[in-house]
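Notes for the one structure printed next.
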DNA sequence: CTGTATCCTTAGGGATACTG
DNA sequence: CAGTATCCCTAAGGATACAG
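Protein chains in written order, with this note's numbering: chain A, 455 to 589; chain B, 455 to 589.
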């Protein structure tokens with residue numbers, strides 16, 4: 455996004471303009487919570503993201519410096535997607551979104567055990583998620 | 455949003471489908487960080503939200519149970535918008551979005567003093583924001 | 001001035017065909 | 001199967017006129 459296109463210099467606005475869409479944080483969720491790394495793994499999520507939407511979101515997340523795309527060593531046909539430090543810094547946001555959704559969605563199917571853990575020891579929980587996702 | 459329209463039962467997905475747009479959290483930010491309560495105050499923000507967009511977002515946030523709309527006591531022409539407990543629970547998300555944006559936006563104009571305070575004592579910071587916004 | 005309704009435009013999502 | 005390109009459609013955003 456060009457500097458001049460921004461609605462404002464507010465930090466929250468910056469965040470929303472980069473990850474405030476319906477799909478980006480679901481992809482990051484898959485990487486952080488489920489360790490997904492490849493195109494096919496992202497496609498297989500419950501939300502059934504479309505192939506074209508996935509490709510676009512991945513390339514925009516790469517452009518935003520949130521993830522990197524590198525050829526897979528084990529399978530030459532595939533690319534692997536990995537979170538950058540900037541992407542790993544999204545962990546707290548995901549934790550909060552999980553807590554808020556689990557607390558207020560009447561039909562939630564969230565893993566409440568995980569939520570409770572997050573609430574009980576937020577810092578440690580985040581550190582562990584980050585460490586696991588940083589592989 | 456009808457139950458059957460949901461992409462999935464994931465708690466994160468629930469959150470994104472309710473507040474994952476470009477404007478909702480900016481309105482909530484104005485209420486929490488700046489104590490804004492009225493239509494005109496929201497209109498005056500840096501991002502220059504349009505009148506029709508503001509009206510739609512306010513009514514959807516009301517429908518989602520995030521804020522309430524009540525006639526102002528002091529000025530009979532106005533309505534007042536107040537956060538519900540569900541809306542107040544968005545405070546941690548806003549704090550995280552602020553931190554992430556401030557950390558990674560090269561052109562940020564965020565109040566870094568505030569950010570540092572938030573990092574140093576997250577719990578206390580959130581409690582104070584909540585208390586102020588709950589008026 | 002507060003707030004809504006109308007209309008138009010556009011970005012983002014979705015289906016699908018396609019290449020390697 | 002991995003990933004891209006194309007096309008279409010809808011929902012969100014934006015300008016503006018309008019009513020109280």
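Each residue gets a CB set at the ideal place from its N, CA and C atoms; glycine is no exception.
As the structure is a prediction and not an experimental result, all values here were calculated from the model.
Beta-carbon proximity of residue 506 of chain A to residue 480 of chain A, cut-off 8 Å: Taking 8 Å as the Cβ cut-off, residue 506 of chain A and residue 480 of chain A do not qualify as a contacting pair.
Classification of residue 483 of chain A by the beta-carbon crowding that lies within 10 angstroms, buried from 16 upward: buried
Straight-line gap, residue 542 of chain A to residue 525 of chain B (C-alpha atoms, nearest Å): 44 Å
Within-8 Å CB hit, residue 492 of chain A to chain B: No, because no Cβ of chain B sits closer than 8 Å to the Cβ of residue 492 of chain A.
Of the residues B/551, B/555, B/545, B/587, the one placed nearest residue 577 of chain B, counting alpha carbons only: Comparing Cα positions, the closest option is B/545.
Residues of its chain near residue 549 of chain B, where Cβ-Cβ distance is below 8 Å and the 5 sequence neighbours each way are ignored: 572, 576, 579, 580, 583
Burial state of residue 496 of chain B (16 or more Cβ within 10 Å): buried
Contact with chain B by residue 456 of chain A, beta-carbon distance below 8 Å: Confidence at residue 456 of chain A is low in this model, with a pLDDT of 41, below 50, so its placement is unreliable and no value can be given for it.
Residues near residue 477 of chain B in its chain [Cβ-Cβ closer than 7 Å; skip 5 each side]: 503, 507, 511
is_contact[residue 467 of chain B, chain A] using C-beta, thresh 8 Å: yes
Inter-residue spacing [alpha-carbon to alpha-carbon] between residue 485 of chain A and residue 521 of chain B: 33 Å
Cross-chain neighbours of residue 556 of chain A in chain B, by beta carbon under 7 Å: 465
Interface residues of chain A facing residue 546 of chain B [CB-CB closer than 7 Å]: 550
Where the alpha helix (DSSP H) containing residue 540 of chain B begins and where it ends: 539-542
Contact under 8 Å by Cβ, residue 537 of chain B with residue 465 of chain B: no
Rounded distance between the beta-carbons of residue 493 of chain B and residue 533 of chain B, thought under 8 Å: 7 Å
Distance between beta carbons of residue 461 of chain B and residue 501 of chain A, contact taken as under 8 Å: 4 Å
Partner residues on chain A for residue 483 of chain B, Cβ-Cβ distance less than 7 Å: Taking the beta carbon of residue 483 of chain B as reference, the chain A residues within 7 Å of it are 466, listed in sequence order.
Below-8 Å beta-carbon distance, residue 462 of chain B vs any chain A residue: Yes - at least one Cβ of chain A is within 8 Å of the one on residue 462 of chain B.
Cutoff 8 Å: residue 479 of chain A Cβ touching any chain B Cβ: yes
Below-8 Å beta-carbon distance, residue 459 of chain B vs any chain A residue: Taking Cβ atoms only, chain A never reaches closer than 8 Å to residue 459 of chain B, which makes this a no.
Cutoff 8 Å: residue 533 of chain B Cβ touching any chain A Cβ: no
DSSP-derived helix/strand/coil call for residue 525 of chain B: strand
Residue 534 of chain A - partner residues in DSSP beta bridges: A/524
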